[in-house]
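> In our numbering, the protein residues as written are 393 to 636.
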């Protein structure tokens, strides 16, 4: 009896080992098949993506070729419409398109391209050199001096207005640029004269007695009307109280 029991136990353990081995083998096979299917899906996705990229590139190439063909056809159509000969092409690109007055020349022959005119324009610095701008700046400058330092020099007004009148004729004969440069030069000289006259006027108003309050006294320089003050040739002033 004991031998029969041991035989049955050995056969049961053998069957259990066989079933566990087949289960493991089946699991390995299933995993391998699953990984193979995943790899196949990935390869198919990559191939499909490549095919889509090729389709996009081909479509773009065809679209570019179509547009280039249309552009070239339009160009040849326009050239055929103009019907220009060799001498007409030379005349088109070499003739001067601006007239004496600076207006655009009208095309009298049908089928020609219109002439393009490039007109020069002044810069901001060139516009500032215009006479009207200089006169405005000068008048503002004189007005500030008149109300700031409480005196006014008629000689500067006469100098600039008289020279400005002269430069009007110079500008008409020699050109606008020459007159503007001369006017700027006169303005610089006038600033130097004003600095010298201002020093004499400041000295006279500080030291000269009996300065009135009338409009004439306000407008006329004191250094010209104060008795006893003399202007020396060496640009010095001799006051009456400094005389021996």
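Glycine included, each C-beta is placed from N, C-alpha and C at the ideal position.
All values reported here derive from a predicted model rather than from experimental measurement.
At the level of alpha carbons, what is the spacing between residue 642 and residue 573?
A query on residue 642 cannot be resolved here, the shown segment of the chain reaching from 393 to 636 and no further.
> Roughly how many angstroms separate the alpha carbons of residue 463 and residue 449, rounded to a whole number?
Rounded to whole angstroms, residue 463 to residue 449 spans 21 Å at the Cα level.
> Have a look at 605, 577, 612 and flag the residue whose alpha-carbon is nearest the alpha-carbon of residue 590.
Checked all of 605, 577, 612; the closest Cα to residue 590 is 612.
> Under the three-state reduction of DSSP, which class applies to residue 465: helix, strand or coil?
Of the three classes helix, strand and coil, the one that applies to residue 465 here is helix, per DSSP.
> Measure the beta-carbon distance from residue 600 to residue 614 and round it to whole angstroms, keeping in mind my assumption that it falls under 8 Å.
Rounded, the Cβ-Cβ distance is 5 Å, consistent with contact.
> Would you mind sorting residue 424 into buried or exposed? The rule is 16 or more other CB atoms within 10 Å of its CB.
It is exposed - the Cβ of residue 424 has fewer than 16 other Cβ atoms within 10 Å.
> Determine the direct distance from the alpha carbon of residue 584 to that of residue 616, and round the result to whole angstroms.
Cα to Cα, the separation comes out at about 19 Å.
> Reducing DSSP to helix, strand and coil, say where residue 426 ends up.
Helix, per DSSP.
> When burial is assigned at 16 or more other CB atoms within 10 Å of the CB, is residue 437 buried or exposed?
It is exposed - the Cβ of residue 437 has fewer than 16 other Cβ atoms within 10 Å.
> Where does residue 533 fall in DSSP's three states?
DSSP places residue 533 in helix when its eight states are reduced to three.
> Taking just the CA atoms, how far does residue 446 sit from residue 468?
Rounded to whole angstroms, residue 468 to residue 446 spans 33 Å at the Cα level.
> Would you identify the three-state DSSP class for residue 432, choosing helix, strand or coil?
Residue 432: helix per DSSP, three-state reduction.
> Can you tell me whether residue 511 is helix, strand or coil according to DSSP?
Reduced to three states, the DSSP call for residue 511 is coil.
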